[in-house]
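Protein chains in written order, with our numbering: chain A, 2 to 117; chain B, -15 to 99.
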């Protein structure tokens, strides 16, 4: 079964600085994907970025990038030039596979607070 | 209207009440999901519907009953709930493919409080 571990319950970052949110995973699948979602206080989960296990380059989406280290089974999210609106919960996730019809397994999340 | 919608956004109910949560997706997806998010716990998958087939997490109590009348609508029927069922209930949808890319689109959630 897939397992996602996020070891940082909370993080602080100064506005305009970069921050790295950690995510490690465990899976026996050869082909898999990693997702990052953002959850503001409103509750809605917002998709940020995706990394496929066979993608040769680290994924980037605007200010978001993934530091994907397959051998270490880590997929850390890097947010550059932090903004006050980045304050939220951030979740790393991967498809469950099998009979779960690819529902997602989520980590416990990291609460990011951006300070002015 | 686009995306995934959920109603109601907030619900307060007593333990003897019966209520239903509704989810609707306008994205042409073929799979829908119910997740439960309790305080200080990771999101937990409750149910999956894909191609009219239901797959569920065996730890979900029978007081939660899903219904998926078609690929666009998903309900979660609630009865005789317990206070520990208070949580944010999130609906999501996706288009299943053979690849591992399965981006799920989430609704805004229903904040449920059981008194």
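The C-beta atom is built at its ideal place from N, Cα and C for all residues, glycine as well.
Secondary structure, beta strand (DSSP E): runs of 3+ residues fully inside the stretch 0 to 55 of chain B: List check, beta strand (DSSP E) in window: 2 to 9, 15 to 21, 28 to 34, 37 to 40, 48 to 54.
Buried or exposed by the 16-neighbour rule on C-beta atoms within 10 Å, applied to residue 2/A: Around the beta carbon of residue 2/A, fewer than 16 other beta carbons lie within 10 angstroms, which makes this residue exposed.
Contact check, residue 96/A vs residue 86/B, beta carbons under 7 Å: yes
Local conformation of residue 198/A per DSSP, three classes: Here chain A covers residues 2 to 117 and nothing more, so residue 198/A does not appear.
Pair within 7 Å by beta-carbon distance, residue 98/B and residue 65/B: yes
Same chain, Cβ closer than 6 Å to residue 36/A, neighbours up to 5 away in sequence not counted: 51, 94
Closest Cα partner of residue 28/A within the set 76/A, 4/A, 42/A: Looking from the CA of residue 28/A, the closest CA among 76/A, 4/A, 42/A belongs to 4/A.
Residue 85/A burial status per 10 Å Cβ neighbour count (16 or more: buried): exposed
The stretch 102 to 117 of chain A contacting the stretch 10 to 19 of chain A, beta-carbon criterion three pairs below 8 Å: yes
Contacts of residue 118/A in chain B (Cβ-Cβ under 7 Å): Examination of residue 118/A is not possible in this model, given that chain A is present from 2 through 117 alone.
Contact residues within the stretch 43 to 54 of chain A, judged by C-beta distance below 9 Å to chain B: Within the stretch 43 to 54 of chain A, the qualifying residues are 43, 44, 45, 46, 47, 48, 51, 53, 54.
Buried or exposed (CB count within 10 angstroms, at least 16 for buried), residue 46/A: For residue 46/A, the number of other beta carbons within 10 angstroms of its own is at least 16, and it is reported as buried.
CB contact check: residue 12/B to chain A, cutoff 7 Å: Chain A contact via Cβ: absent.
Environment of residue 20/B [buried if 16+ CB atoms lie within 10 Å]: buried
Residues that residue 112/A bridges to, as DSSP identifies them: 11/A, 90/A
Beta carbon of residue 38/A nearer than 7 Å to that of residue 48/A: yes
Secondary structure of residue 96/A, DSSP reduced to three states: strand
Bridge partner(s) assigned by DSSP for residue 27/A: 4/A
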